[in-house]
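Participant:
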Amino acid sequence: LNANRAIVTAAVLYVFRCLIDEDIPLNSGVLDVIDIVLPECLLNPPGNPDPALCPAVVGGNVETSQRVVDVLLGALQLAAASQGTMNNLTFGDQTFGYYETICGGSGATSQASGCDAVHTHMTNTRLTDVEILEHRYPIRVIQHAIRKYSGGAGKHRGGNGLIRELEFLQPLSATLLAQRRKAFLPFGLQGGGSGQAGRTTWSQAEAGRSQELEGCFAIQVKPGDRLKIETPGGGGWGTAEPMSIDGMDQTRAS
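Each residue of the sequence shown is one higher than the one before, starting from 1012 at the first, in the working numbering.
1) What residue from 1038, 1185, 1240, 1115 has the CA that sits closest to residue 1163's CA?
2) Kindly give me the distance between the Cβ atoms of residue 1240 and residue 1099, rounded to whole angstroms, as I take these residues to be in contact under 8 angstroms.
3) Here's a check: name, in chain order, each residue in its chain whose Cβ is nearer than 7 angstroms to the Cβ of residue 1262, leaving out the five neighbours to either side.
4) With DSSP run on the structure shown, which of helix, strand or coil describes residue 1039?
5) Which residue marks the beginning of the beta strand (DSSP E) containing residue 1232, and which one marks its end?
6) To which residues of the same chain is residue 1175 closer than 7 angstroms at the C-beta, ignoring the five residues directly before and after it?
7) Can you tell me whether residue 1032 is buried or exposed? The criterion is at least 16 other CB atoms within 10 Å of its CB, across all chains shown.
8) For the stretch 1129-1214, which segments carrying the beta strand (DSSP E) assignment without a break, of at least 3 residues, lie completely within its bounds, in sequence order?
9) Quick check on DSSP: helix, strand or coil for residue 1077?
10) So who's on the other strand from residue 1099, going by DSSP bridges?
11) Please say whether residue 1022 and residue 1080 have beta carbons closer to each other than 8 angstroms?
12) Which two residues bound the contiguous alpha helix (DSSP H) that contains residue 1024?
13) Around the C-beta of residue 1019, are 16 or more other C-beta atoms found within 10 angstroms, so that it is buried, or is it exposed?
14) Restricting to Cα atoms, I'd like to know which of 1249, 1073, 1030 is closest to residue 1015.
15) Whole angstroms are fine: how far does the CA of residue 1041 sit from the CA of residue 1266?
16) Does the beta-carbon of residue 1048 have 16 or more other beta-carbons within 10 angstroms, so that it is buried, or is it exposed?
17) When burial is assigned at 16 or more other CB atoms within 10 Å of the CB, is residue 1269 buried or exposed?
18) Between 1209, 1237, 1198, which has its C-alpha nearest residue 1082's C-alpha?
19) Tell me which residues share the same chain as residue 1200 and place their Cβ nearer than 7 angstroms to its Cβ, disregarding the 5 neighbours each side in the sequence.
20) What residue does the beta strand (DSSP E) around residue 1222 start on, and which one ends it?
21) If I measure Cβ to Cβ from residue 1224 and keep anything under 6 angstroms in the same chain, skipping five residues before and after, which residues do I get?
22) Short of 7 angstroms in beta carbon distance, which residues of its chain neighbour residue 1127, apart from the five on each side in sequence? Order them along the chain.
23) Alpha carbon to alpha carbon, how far is residue 1134 from residue 1051? Give it in angstroms, no decimals.
24) Measure the CB-CB distance between residue 1242 and residue 1094 and report whether it falls below 8 angstroms.
25) Taking the alpha carbon of residue 1187 as the reference point, which residue from 1205, 1060, 1144, 1232 has its own alpha carbon closest?
26) Just to confirm my understanding: we take residue 1024, look at its own chain, exclude 5 residues before and 5 after, and list those with CB closer than 7 angstroms. What are they?
This is how it looks when you write it as structure tokens:
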């Protein structure tokens, strides 16, 4: 996924500000003490003298920026990986379009467990309320819940992801742009476990079958079809300490 230098710089600046114990101004002066070395074609596409021929940014703001932050926070041992994606969902037809990003689990730190079902890092959005979603659009929300046990195990557990299941009431086009589905799980730190991968299931009412979809897809849904999006959990921090409860070995989750 393409990300230009501005996107990468913003992610680096965010992590740098997380290192500081007090509020500092958000301006270019902060970058004077940082050297950003970004090899050509590593994250950013090759340039072109003609701006019209330069490759466009594709998912850089919503996807690549999140992974850059996770990598830097992990390298600095500040926090385990969060969900690492924004789960960009769109649906609509020729008369309307709807777009939202769906939250997940945040990574644990040396001081605390991760949070459940929250947007983290390079985002400023929130979920649409179920009542508003059902009132304004031809869908029904079947399930909206925390995805239990999806956060990584550890002395401090990773935050749990979210389950968002929709039923469509008329024919629509639907797409999802998401990562961390089957590989590259949200990593833990200092012995902490990885968060669970995300998963998306399409249940087709007319065909009477369900199938698991890839992280990125475009489909045509019919009335009665359901789309169940399960977002990734965050990574855990530290090795969990076993303890005995009612004669059974359990893992302490703070």
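From the three backbone atoms N, C-alpha and C, an ideal C-beta is built for every residue, glycine too.
From a predicted model like this one, the values you see are computed outputs, not experimental measurements.
Facilitator: On the basis of the coordinates in this document:
1) By 1-based counting over the sequence shown, the position of residue 1163 is 152. Answer by Cα proximity: 1115.
2) Walking along the sequence shown from the start, residue 1240 turns up at place 229. Walking along the sequence shown from the start, residue 1099 turns up at place 88. About 11 angstroms separates the two Cβ atoms, so there is no contact after all.
3) By one-based count along the sequence shown, residue 1262 stands at place 251. Note that residue 1262 scores a pLDDT of 48, beneath 50, so its modelled location is shaky; the value from the coordinates is reported in the next line. So the list reads 1164, 1251, 1253, once near-sequence residues are dropped.
4) Here residue 1039 refers to the residue found at position 28 of the sequence shown. DSSP places residue 1039 in helix when its eight states are reduced to three.
5) Within the sequence shown, the letter at position 221 stands for residue 1232. Its beta strand (DSSP E) spans residues 1227-1232.
6) On the sequence shown, residue 1175 is found 164 positions in, with the first residue counted as 1. Excluding residues within five positions, the ones whose Cβ falls inside 7 angstroms are 1113, 1155, 1240.
7) Residue mapping note: residue 1032 aligns to position 21 of the sequence shown, counting from 1. Classification for residue 1032: exposed.
8) If we require 3 residues or more, the beta strand (DSSP E) runs fully inside the stretch 1129-1214 come out as 1150-1158, 1172-1179, 1183-1188.
9) Counting from 1 along the sequence shown, the entry for residue 1077 is found at position 66. It is helical.
10) Taking the sequence shown and counting its residues from 1, one reaches residue 1099 at position 88. Answer is 1112, 1188, bridged to residue 1099.
11) The residue you call residue 1080 lines up with position 69 of the sequence shown. The residue you call residue 1022 lines up with position 11 of the sequence shown. The answer is yes: Cβ separation under 8 angstroms.
12) Stepping through the sequence shown from its first residue, residue 1024 is reached at position 13. Secondary structure note for residue 1024: its alpha helix (DSSP H) is the uninterrupted segment 1016-1030.
13) Position 8 of the sequence shown, counting from 1, holds the residue named residue 1019. Buried is the call here.
14) Taking the sequence shown and counting its residues from 1, the one referred to as residue 1015 is at position 4. Among 1249, 1073, 1030, the Cα nearest to that of residue 1015 belongs to 1073.
15) Because residue 1266 is not part of the residues shown, which for the chain are 1012 to 1265, the question remains open.
16) In the sequence shown, counting from the first residue as 1, residue 1048 sits at position 37. So residue 1048 counts as exposed.
17) This structure cannot settle anything about residue 1269, because the visible part of the chain is limited to 1012 through 1265.
18) Working through the sequence shown from its first residue, we reach residue 1082 at position 71. When each option's Cα is compared against that of residue 1082, the closest is 1198.
19) Along the sequence shown, one-based indexing puts residue 1200 at 189. These residues qualify, in order along the chain: 1085, 1088, 1091, 1246, 1248.
20) By one-based count along the sequence shown, residue 1222 stands at place 211. 1220-1224 is the span of the beta strand (DSSP E), which, as asked, contains residue 1222.
21) Working through the sequence shown from its first residue, we reach residue 1224 at position 213. The beta carbon of residue 1224 lies closer than 6 angstroms to those of 1211, 1213 in the same chain, with the five residues before and after it left out.
22) Taking the first residue of the sequence shown as position 1, residue 1127 is located at position 116. Only 1116, 1157, 1170, 1171 meet the Cβ criterion.
23) Taking the sequence shown and counting its residues from 1, one reaches residue 1051 at position 40. Taking the sequence shown and counting its residues from 1, one reaches residue 1134 at position 123. Approximately 26 angstroms between the Cα atoms of the pair.
24) Translated into the one-based positions of the sequence shown, residue 1242 becomes position 231. Translated into the one-based positions of the sequence shown, residue 1094 becomes position 83. In contact: residue 1242 and residue 1094 (Cβ atoms closer than 8 angstroms).
25) For the purposes of this step, residue 1187 is taken as residue 176 along the sequence shown, with counting starting at 1. Taking only the C-alpha atoms, the option nearest residue 1187 is 1232.
26) Taking the sequence shown and counting its residues from 1, the one referred to as residue 1024 is at position 13. Excluding residues within five positions, the ones whose Cβ falls inside 7 angstroms are 1041, 1042.
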